[in-house]
Amino acid sequence: MNAPAALTLETPAEHPFAQFVRILGKGKRGARNLTREEAREAMGMLLDEKAEDTQLGAFLMLLRHKEESPEELAGFTEAVRERLTAPEIKVDIDWPTYAGKKRHLPWYLLAAKCLAQNGVRILMHGGGAHTAGRMYSEQLLDELAIPLCRNWQSVNEALDTGNLAFIPLQDWAPQLQRMIDLRNTLGLRSPIHSLARILNPLGARCGLQSIFHPGYQSVHREASGLLGDTSIVVKGDGGEVEINPDTLSHLYGTTAGVSWDEEWPALSAQRHVKPASLDPEHLKALWRGEVEDSYPQLALLSTMALALRGLGTPREQAFELAQRYWENRDKSI
């Protein structure tokens with residue numbers, strides 16, 4: 068028979084990360100938001116793998132339940148940026164793509180291709196296929212001839228060659244990818260899904276962000292403002308940076324720390340019928356000019372205009388420019 072375990076007679080020292088779990092989880096009256104500095108320190112410990120898995124899970128779910136503040140998002144982002152080893156690479160548009168599409172094809176990929184053909188340097192990044200029933204950018208890069216880059220040197224080369232590059236999150240922030248991958252363990256998406264959209268790892272001239280959760284767009288806008296970034300936050304179709312032409316779009320912008328708002332009216336008098344299925348071949352057929360389809364053409368034109376708006380072009384001129392770019396695109400894939 069085994070002897071019973073020795074009694075604990077001395078209080079063990081508290082784990083350094085425990086304070087951050089306590090701040091978020093100390094009951095309805097005792098809990099509070101993290102300060103920007105606390106958020107930076109907490110995320111730094113997670114990135115440096117100085118927290119236990121139980122603490123990571125508790126921290127992410129407490130944040131998810133509470134919803135992050137702008138100061139927390141800014142602090143988390145600072146911790147990530149401090150640990151990046153990316154060289155200086157000129158980028159016009161930071162284009163995060165983490166949601167996947169389920170109602171419509173990812174027309175934003177054609178918008179990015181068309182902009183890139185016209186000299187707009189675009190960095191796309193994503194977190195892989197993590198939710199069943201959705202179509203992710205990574206699954207279509209090959210078919211659409213969008214360069215998949217596995218390091219920053221490849222990104223630099225792709226941008227210099229064709230103005231467009233995609234790099235997976237796992238290759239530049241593997242700890243964040245691991246947190247995203249906990250989605251099917253925890254049963255909920257963690258705040259890392261929204262954090263990834265604000266990171267703008269190469270300091271692009273403008274970061275585009277799509278936040279689907281109602282009322283949360285302004286929180287992201289404020290966080291970007293705290294960081295001194297130029298960004299536009301929208302409620303894009305399916306959570307991706309893609310304007311839905313059937314509905315009014317509100318642009319939550321920030322430039323040099325100053326917030327601004329614009330409302331873009333719906334482009335279609337009546338809503339389009341959702342396609343019965345999503346066939347990637349339809350993306351290529353539209354690009355080659357083999358088919359005419361109202362919804363995707365309106366969606367990708369307005370999404371191109373959104374990016375141009377982020378670079379300082381007024382709305383009407385942005386749409387005119389987008390139309391011209393699309394009409395004159397190189398249709399080969």
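Under the working numbering, the letters of the sequence shown match residues 68 to 400, in that order.
From the three backbone atoms N, C-alpha and C, an ideal C-beta is built for every residue, glycine too.
Residues that residue i bridges to, as DSSP identifies them
i	result
G270	G270 is not bridged to any residue.
S369	Partner(s): none; S369 has no beta bridge.
T322	V325
S291	According to DSSP, which records beta bridges pairwise, S291 is partnered with nothing at all.
M202	K168
DSSP three-state assignment for residue i, whether helix, strand or coil
i	result
S399	coil
Q276	strand
S316	strand
L253	helix
L211	coil
A240	coil
S298	strand
D227	helix
I259	helix
I160	strand
K168	strand
I431	Here the chain has residues from 68 to 400 only, and residue 431 is not among them.
Spatially closest choice to residue i from the options, by CA coordinates
i	options	result
S298	Y175, L231, L375	L375
A199	K168, T144, V187	K168
S326	I156, Q184, L294	L294
A336	L373, T314, L76, R382	T314
S257	Y165, G229, E149, E307	Y165
I278	H260, G229, A271, P268	H260
R170	A118, A385, H339	H339
E307	S399, P342, Q276	Q276
L190	E210, P235, A141, I400	P235
Boundaries (first-last residue) of the beta strand (DSSP E) holding residue i
i	result
E330	325 to 331
I265	Note, I265: premise wrong, no beta strand (DSSP E); not H, not E.
P51	Outside the modelled stretch of the chain, which goes from 68 to 400, sits residue 51, for which no answer is possible.
Opening and closing residue of the alpha helix (DSSP H) in which residue i lies
i	result
V88	85 to 92
P347	347 to 355
M191	No alpha helix (DSSP H) holds M191; the beta strand (DSSP E) holding it covers 189 to 193.
W174	Counting along the chain, W174 falls outside any alpha helix (DSSP H), and DSSP gives it neither H nor E.
G142	137 to 150
T121	120 to 133
Y392	382 to 394
G111	103 to 114
Pair within 9 Å by beta-carbon distance, residue i and residue j
i	j	result
R188	L226	yes
T144	I265	yes
Q184	D360	no
G194	Q242	no
S204	L176	yes
A179	L231	yes
W174	P363	yes
D328	H317	yes
A333	W239	no
R103	I90	no
Y319	H287	yes
Closer than 9 Å to chain C by CB, residue i
i	result
D227	Of the protein chains in the structure, only one exists, and it is not chain C.
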